[in-house]
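J.:
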Amino acid sequence: MIICTAYGGRMEEKPLKIETKCIQAGYTPQNGEPRVLPIYQNTTWKYGSTEAMGKLFDLEESGYFYTRLANPTNDAVAGKIAALEGGVAGMLTSSGQAACFYSIFNICSAGDHFVCSSTVYGGTFNLYGVTMKKMGIDVTFVDPDASEEELQAAVQPNTKAFFGETIANPALVVLDIEKWAKVAHVNKVPLIIDNTFATPVNCRPFEWGADIVVHSTTKYMDGHAVATGGAIVDSGNFDWEASGKFPGLTTPDASYHGITYTEKFGKAAYITKATAQVMRDLGSIPSPHNAFLLNLGLETLPLRMRQHCANAQAVAEYLKNHPKVSWINYCGLPGDKYYDLGKKYLPDGSCGVISFGVKGGREAAVTFMDSLKMAAIVTHVADARTSVLHPASHTHRQLNDEELKAAGVTPDLIRLSVGIEHAEDIIADLEQALAQVK
Ligand SMILES: *Cc1c(COP(=O)(O)O)cnc(C)c1O
Numbered sequence: 003m004i005i006c007t008a009y010g011g012r013m014e015e016k017p018l019k020i021e022t023k024c025i026q027a028g029y030t031p032q033n034g035e036p037r038v039l040p041i042y043q044n045t046t047w048k049y050g051s052t053e054a055m056g057k058l059f060d061l062e063e064s065g066y067f068y069t070r071l072a073n074p075t076n077d078a079v080a081g082k083i084a085a086l087e088g089g090v091a092g093m094l095t096s097s098g099q100a101a102c103f104y105s106i107f108n109i110c111s112a113g114d115h116f117v118c119s120s121t122v123y124g125g126t127f128n129l130y131g132v133t134m135k136k137m138g139i140d141v142t143f144v145d146p147d148a149s150e151e152e153l154q155a156a157v158q159p160n161t162k163a164f165f166g167e168t169i170a171n172p173a174l175v176v177l178d179i180e181k182w183a184k185v186a187h188v189n190k191v192p193l194i195i196d197n198t199f200a201t202p203v204n205c206r207p208f209e210w211g212a213d214i215v216v217h218s219t220t221k222y223m224d225g226h227a228v229a230t231g232g233a234i235v236d237s238g239n240f241d242w243e244a245s246g247k248f249p250g251l252t253t254p255d256a257s258y259h260g261i262t263y264t265e266k267f268g269k270a271a272y273i274t275k276a277t278a279q280v281m282r283d284l285g286s287i288p289s290p291h292n293a294f295l296l297n298l299g300l301e302t303l304p305l306r307m308r309q310h311c312a313n314a315q316a317v318a319e320y321l322k323n324h325p326k327v328s329w330i331n332y333c334g335l336p337g338d339k340y341y342d343l344g345k346k347y348l349p350d351g352s353c354g355v356i357s358f359g360v361k362g363g364r365e366a367a368v369t370f371m372d373s374l375k376m377a378a379i380v381t382h383v384a385d386a387r388t389s390v391l392h393p394a395s396h397t398h399r400q401l402n403d404e405e406l407k408a409a410g411v412t413p414d415l416i417r418l419s420v421g422i423e424h425a426e427d428i429i430a431d432l433e434q435a436l437a438q439v440k
């Protein structure tokens, strides 16, 4: 099986800029090989002897044998994302949900606990607060703005990780990653960051002390709303052996011929275990064709992020001054609660997502949304097309009022995902829809 390290071949020689990595990283063809990443649309590989195949199963030799465990197209794209984040190894999953699940399940089992920001994406909130609790893995949700003392107070003897989002979906809270990393590390557990909204173009959480990064690649990375997917990247920086808290990584795995991941794979221990054990058993792999589409999206990610951010800034400034808008969250606006954290962690821009309320509450929000002509109501966010969603009646429908409040979602909150059309056309559409609100 192949563990895909981020910097294959000549990529190792000097650090490249992110625009270059988006084009060049992950796949370096040799003489006579396709210039563009090919789609290995096959499940299996042929070997000449029983022994040759056996060594692959023992993780003694590197090689492909079954797409659930490794596939060259998927690996190249995972390698590119690892390079973008500045990590040592990465893996793709079939969705962001699977990435969030695996990132915790790889180091927590029944009886363990982790600490999570209360403003995480609604799907993650349900996964952690309901479904994983049924597996015996407990979570404490804390305010993302909690002080070090408050974060520490959430820690238990069985706590194995901290989890938060760089920019929370849809509350747009900017996480103080350094603070969270500090408290996690005092307790000898890793900080896992969901970097979906910022993307590595605008923030690289490893530079601020995070240990593992996850993504829903469904959003900006794909960018065209064509392929659901996720990714996990390991910084290679966390010391799994120091605390004795991670026996799954530091003691022999009976299900893999007694391999000890930290001994055999060093900095790639976490991703190797996630692939060789969790993915082997749970199987949320992306189709190689989807990985190919994701790769096309990644090639233009820096260009698109720049346009998303410039458009969102213009739209946010327009909405802020509109008499029918009651409030607006966008960390690029001076005076926003997260303006300073945004300047620190997202100096080149945050993302294209804005949340705001229209005067008149839920009813006005619905009138506004139903009056839009170009921006579409979709259960999606962060792609090329401008779109809107009403979280209280869509993504966060399962949450009760108290949970909604903790998630930073008010009944009138409209999540506007600003696309890469011309800003003037986007604003014109908002303007005519706001005019319909009485
Ligand atoms: C969408 C999203 C997810 C879930 O990803 P899917 O690809 O839809 O499974 C997780 N985290 C964040 C921040 C998201 O926006």
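Numbering (my numbering), first residue to last: 3 to 440.
Where a beta carbon is used, it is the ideal one built from N, C-alpha and C, also for glycine.
Can you tell me whether residue 84 is helix, strand or coil according to DSSP?
T.: Three-state DSSP puts residue 84 in a helix.
J.: Take residue 352 as the anchor and find which of 127, 286, 132 and 175 has the nearest alpha-carbon.
T.: Checked all of 127, 286, 132 and 175; the closest Cα to residue 352 is 175.
J.: Could you check which residue in 29, 48 and 33 has the C-alpha nearest to that of residue 40?
T.: Residue 29 is the option with its Cα nearest to residue 40.
J.: Per DSSP, what kind of secondary structure is residue 223 in: helix, strand or coil?
T.: Looking at residue 223 - three-state DSSP - the assignment turns out to be coil, as it is neither helix nor strand.
J.: For residue 422, which of 348, 128, 358 and 306 has the nearest alpha-carbon?
T.: Out of 348, 128, 358 and 306, 306 has the C-alpha closest to the C-alpha of residue 422.
J.: Closest to residue 31 by C-alpha separation, out of 397, 17, 78 and 45, would be which residue?
T.: The shortest C-alpha separation from residue 31 is found at 78.
J.: With C-beta atoms as the reference, is residue 43 less than 7 Å away from residue 290?
T.: A contact, by the Cβ cut-off of 7 Å.
J.: Apart from the five residues on each side of it in sequence, which residues of its chain come closer than 6 Å, Cβ to Cβ, to residue 1?
T.: Nothing in the structure corresponds to residue 1, since the chain is present only between 3 and 440.
J.: Using 10 angstroms around the beta-carbon of residue 2, count the other beta-carbons present and answer buried if the total reaches 16, otherwise exposed.
T.: Nothing about residue 2 can be read from this structure; the chain reaches only from 3 to 440.
J.: By DSSP, does residue 334 sit in helix, in strand, or in coil?
T.: Residue 334: coil per DSSP, three-state reduction.
J.: Figure out for me which residue from 398, 106, 33 and 309 has the closest Cα to the Cα of residue 171.
T.: For the residues 398, 106, 33 and 309, the minimum Cα distance to residue 171 belongs to 398.
J.: So residue 191 and residue 163 are in contact, right, with Cβ under 8 Å, and what is the actual spacing, rounded?
T.: Sure, about 5 Å apart at Cβ, within 8 Å.
J.: Any Cβ of chain D within less than 7 Å of the Cβ of residue 195?
T.: Here chain D cannot be found, since the structure has a single protein chain.
J.: With DSSP as the reference, label residue 394 as helix, strand or coil.
T.: Looking at residue 394 - three-state DSSP - the assignment turns out to be coil, as it is neither helix nor strand.
J.: State the Cα-Cα distance for the pair residue 264 and residue 194, rounded to the nearest angstrom.
T.: Approximately 19 Å between the Cα atoms of the pair.
J.: Under the rule that 16 or more other beta-carbon atoms within 10 Å means buried, what is residue 318, buried or exposed?
T.: When all chains shown are included, residue 318 counts as buried.
J.: Less than 7 Å between the C-beta atoms of residue 235 and residue 105, yes or no?
T.: Against a cut-off of 7 Å, the Cβ pair of residue 105 and residue 235 comes out as no contact.
J.: Exposed or buried, residue 151, counting other C-beta atoms within 10 Å across all chains shown (16 or more means buried)?
T.: Residue 151 comes out exposed.
J.: Where do the ends of the alpha helix (DSSP H) carrying residue 23 lie?
T.: Residue 23 -> alpha helix (DSSP H) spans 20–26.
J.: Are residue 334 and residue 419 close, meaning C-beta to C-beta below 7 Å?
T.: Taking 7 Å as the Cβ cut-off, residue 334 and residue 419 do not qualify as a contacting pair.
J.: Spatial neighbours of residue 385 within its chain, please: CB distance less than 8 Å, with the 5 preceding and 5 following residues excluded, ordered by chain position.
T.: Hits under 8 Å: 221, 222, 224, 225, 226, 227, 419 and 421.
J.: Between which two residues does the alpha helix (DSSP H) harbouring residue 57 extend?
T.: Where residue 57 is concerned, the enclosing alpha helix (DSSP H) stretches over 52–59.
J.: According to DSSP, is residue 164 part of a helix, a strand, or is it coil?
T.: Residue 164: strand per DSSP, three-state reduction.
J.: For the putative contact between residue 153 and residue 117, defined by C-beta atoms under 8 Å, what is the C-beta separation to the nearest angstrom?
T.: About 7 Å separates the two Cβ atoms, so the contact holds.
J.: Comparing C-alpha positions only, which one of 300, 112, 363 and 146 sits nearest to residue 135?
T.: Cα-wise, what sits closest to residue 135 is 112.
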